[in-house]
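Q:
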Amino acid sequence: MKETPAAYLTRWRLFQARALLRQTELSLEAVALRVGYGSAAAFSLAFTREQGQPPGNYRRAQGGDGLETPAQP
Numbered sequence: 032m033k034e035t036p037a038a039y040l041t042r043w044r045l046f047q048a049r050a051l052l053r054q055t056e057l058s059l060e061a062v063a064l065r066v067g068y069g070s071a072a073a074f075s076l077a078f079t080r081e082q083g084q085p086p087g088n089y090r091r092a093q094g095g096d097g098l099e100t101p102a103q104p
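Each residue of the sequence shown is one higher than the one before, starting from 32 at the first, in this note's numbering.
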């Protein structure tokens, strides 16, 4: 079964978001914007739908608030 472009984009965004949640201390709003969501609310809804838990819970379950803070552009 082929994946639609929208489904692929959502999957890719959430893959990137999971990495940011595990590896940085970025706020949920910052993670949302970096992966292409217009708001933290839209990001949280999509993340929860796919992961079965809100992004903040996912971050805590992965061992804390992040390992590093990315350099500012």
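We put the CB at the ideal spot given by N, CA and C, even for glycine.
Check each candidate in Met-32, Ala-92 and Gly-69 and name the one with the smallest Cα separation from Arg-44.
A: As a first step, residue 44 is located in the sequence shown; it is residue number 13 there, counting from the start. Checked all of Met-32, Ala-92 and Gly-69; the closest Cα to Arg-44 is Gly-69.
Q: What are the boundary residues of the alpha helix (DSSP H) that includes Tyr-89?
A: As a working mapping, residue 89 is identified with position 58 in the sequence shown. Here the alpha helix (DSSP H) through Tyr-89 covers 86-92.
Q: Terminal residues of the continuous alpha helix (DSSP H) containing Glu-81?
A: Within the sequence shown, numbered from 1, the residue matching residue 81 stands at position 50. Looking at the DSSP string, the run of the alpha helix (DSSP H) that includes Glu-81 is 71-82.
Q: Taking only the alpha-carbon atoms, compute the straight-line gap between Arg-53 and Arg-65 and give it to the nearest angstrom.
A: For the purposes of this step, residue 53 is identified with residue 22 of the sequence shown, where counting begins at 1. For the purposes of this step, residue 65 is identified with residue 34 of the sequence shown, where counting begins at 1. If I take the Cα positions, the gap works out to 14 Å.
Q: How big is the Cα-Cα spacing for Glu-34 and Phe-74?
A: Along the sequence shown, one-based indexing puts residue 34 at 3. Along the sequence shown, one-based indexing puts residue 74 at 43. Cα to Cα, Glu-34 sits roughly 20 Å from Phe-74.
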